[in-house]
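K.L.:
For the sequence shown, the positions run 59 to 428 when our numbering is used.
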Amino acid sequence: MTLASRAAQRDETLRDLARMRHDLATAEAGTARLTQESAGLTARQAGLEEMRDRLREALASLHRDEEARQGALVEVQEARAAAQETIRQLEETLRTRRREEGELAEEIAALGTKRSELKTAMTHLEQGLWEDQNVSLPELRERFTESTWEVEAAQAELEELRAKLLELGPANLGALEEYQALCQRHEFLTSQATDLTSSVASLRQAIAEINRTITTLFDSTLTTVNRHFDHYWRRLIGGGSAELRLVEPGEGEEAEEPGVEMLLRIPGKRATVLSLLSGGECALAALALLLALFTTRPSPFCVLDEVDAPLDDVNVERFVTLLREMSQASQFIVISHNKRTMEAANILYGITMEEEGASKVISVRMKAAA
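1. Relative to the C-alpha of Leu-240, which candidate in Glu-158, Leu-294, Lys-397 and Glu-143 has its C-alpha closest?
2. Thinking C-beta only, is Ala-344 closer than 8 Å to Leu-322?
3. Quick check on this structure: which residue in Val-378, Arg-243 and Thr-379 has the alpha carbon closest to the alpha carbon of Arg-112?
4. Just to confirm the assignment, what range does the alpha helix (DSSP H) spanning Arg-323 have?
5. Report back the beta-carbon spacing between Ser-299 and Asp-288 to the nearest angstrom; my notes put them in contact at under 8 Å.
6. Run through the DSSP bridge pairs and tell me what Gly-408 is partnered with.
7. If you check the beta carbons only, do Glu-339 and Val-331 fall under 8 Å apart?
8. Closest by CA to Ser-394, which one among Glu-414, Met-78 and Ala-402?
9. Taking all protein chains shown into account, do 16 or more other C-beta atoms lie within 10 angstroms of the C-beta of Phe-377, making it buried, or fewer, making it exposed?
10. Hey, how far is the Cα of Asn-373 from the Cα of Leu-294?
11. For Thr-62 and Ala-211, what's the separation of their Cα atoms in angstroms?
12. Beta-carbon within less than 8 Å of Pro-358's beta-carbon, same chain only, minus the 5 sequence neighbours each way: which residues are those?
13. Use the C-beta contact count for Arg-155: other C-beta atoms within 10 angstroms, 16 or more gives buried, fewer gives exposed.
14. Starting from Ala-300, follow the beta strand (DSSP E) in both directions and report where the run begins and ends.
15. Just to confirm, are Ile-405 and Ser-421 a CB contact at a threshold of 8 Å?
16. Going by alpha carbons, who is nearest to Arg-355 out of Leu-304, His-286, Asp-371 and Met-109?
17. Would you give the residue range spanned by the beta strand (DSSP E) that Leu-351 belongs to?
18. Hey, could you find the ends of the beta strand (DSSP E) Val-374 is sitting in?
19. On a CA-only basis, which of Ala-104, Glu-86 and Asp-371 is nearest Glu-236? Give me that one, please.
Laid out in structure tokens, this is it:
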């Protein structure tokens, strides 16, 4: 082998060595880039952990507000909608990150393969240099320095790799865990919303059942009271008719709220309402209603305070007759100044003041006195 051929072979070896060094630098730069991406992913994971803590705080707040079911239901529904939107966004982000991670994995695998090939080639070159030139690679490095164009090319490639790294952005390695956590929260919120909806439906059903029971009992009681009211009105007034009528808002005498209205008819007159009757007639109507309620739900005794004050003698007689009939089942305590009413009593209690500031009770058994 001539000197010229050996020199040409050496130059070719040096060029190969320069290319391999350039490829090695590229591989190391790729490794550094991946290390930086890993740091970015770590920061992203910390952000996701902070978001997870915020979500846990929101979940604790939902537990505290669980007692206000109706309001909590609205909040849960809104939170569920927000979680669904977040999950949709995260799913899109996850698909993007997985695609990017796949590309990075392929690039890392390619760089690893290339690095292995370069190391193998460098080993072969070192062996060839030693066999052909009787010189080692460190000695060859001391003899030659990198040319200017190699440095510029390496710098340009480094800038290009940095630009690609910025375009890729940080990879979200915790996106899968975040997605799973949000899915669990979505399932929990959905379960809570279902439970609240079921509870509200059960409460509404119970309220409707109670309302039906109340309406049935009220209608039944009103019918019974109406029958007794008409009966006692006829007895007290000497004929006519009486009716309790339900009124809706805007009807009858009370326009503000619903209630019960008396529709009364006196013998020889047209039916009218309570406000158009005289004082005595109003007293008889009130007494008839009181006796009707008492008959519907009787009690051991009944206290009447001067109910006969506005009544004339005829109506007092009717009133006394009713008291005698009803006193067979209950005891009536009547406060009265009417002599006819006092004559009908079994026991008469009088209060007198013989001395100033001292009251005295006098009792008389009317049957014994008679």
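Note that beta-carbon positions come from the ideal geometry of N, C-alpha and C, so glycine has one too.
P.N.:
In short, the structure shows the following:
1. The residue you call residue 240 lines up with position 182 of the sequence shown. It is Glu-143.
2. Your numbering for residue 322 matches position 264 in the sequence shown. Your numbering for residue 344 matches position 286 in the sequence shown. Leu-322 places its beta carbon 8 Å or farther from that of Ala-344.
3. Locating residue 112 in the sequence shown gives position 54, counting from the first residue. If we check each option's Cα against that of Arg-112, Arg-243 comes out closest.
4. Locating residue 323 in the sequence shown gives position 265, counting from the first residue. From DSSP, Arg-323 is part of no alpha helix (DSSP H) but of the beta strand (DSSP E) over 317 to 323.
5. In the sequence shown, counting from the first residue as 1, residue 299 sits at position 241. In the sequence shown, counting from the first residue as 1, residue 288 sits at position 230. With a Cβ gap of about 6 Å, Ser-299 and Asp-288 count as contacting.
6. Counting from one through the sequence shown, the residue named residue 408 turns up at place 350. Gly-408 pairs with Ile-420.
7. Within the sequence shown, the letter at position 281 stands for residue 339. Within the sequence shown, the letter at position 273 stands for residue 331. In this structure, Val-331 does not lie closer than 8 Å to Glu-339 by Cβ.
8. Along the sequence shown, read from residue 1 onward, the residue named residue 394 stands at position 336. Comparing alpha-carbon positions, the option among Glu-414, Met-78 and Ala-402 lying closest to Ser-394 turns out to be Ala-402.
9. What you label residue 377 is simply residue 319 of the sequence shown in a count that begins at 1. Classification for Phe-377: buried.
10. Taking the sequence shown and counting its residues from 1, the one referred to as residue 373 is at position 315. Taking the sequence shown and counting its residues from 1, the one referred to as residue 294 is at position 236. Near 6 Å, if we compare the C-alpha coordinates of Leu-294 and Asn-373.
11. Here the question's residue 62 lines up with position 4 in the sequence shown. Here the question's residue 211 lines up with position 153 in the sequence shown. According to the sequence shown, residue 62 is Ala rather than Thr. One C-alpha to the other measures close to 29 Å.
12. Taking the sequence shown and counting its residues from 1, one reaches residue 358 at position 300. If we look at Pro-358 and ignore the five residues flanking it on each side, its Cβ neighbours are Ser-388 and Gln-389.
13. Numbered from its first residue, the sequence shown carries residue 155 at position 97. That one is buried.
14. As a working note, residue 300 is residue 242 in the sequence shown. Residue range 299 to 305 is occupied by the beta strand (DSSP E) that includes Ala-300.
15. As a working mapping, residue 405 is identified with position 347 in the sequence shown. As a working mapping, residue 421 is identified with position 363 in the sequence shown. Cβ distance < 8 Å, so Ile-405 and Ser-421 count as in contact.
16. Here residue 355 refers to the residue found at position 297 of the sequence shown. Out of Leu-304, His-286, Asp-371 and Met-109, His-286 has the C-alpha closest to the C-alpha of Arg-355.
17. Residue numbering aside, residue 351 sits at position 293 when the sequence shown is read from its first letter. Bounds of any beta strand (DSSP E) do not take in Leu-351; it lies within the alpha helix (DSSP H) bounded by 337 to 354.
18. As a working mapping, residue 374 is identified with position 316 in the sequence shown. Not the beta strand (DSSP E): Val-374 falls in the alpha helix (DSSP H), residues 371 to 384.
19. For the purposes of this step, residue 236 is identified with residue 178 of the sequence shown, where counting begins at 1. Nearest in C-alpha terms to Glu-236, of all of Ala-104, Glu-86 and Asp-371, is Ala-104.
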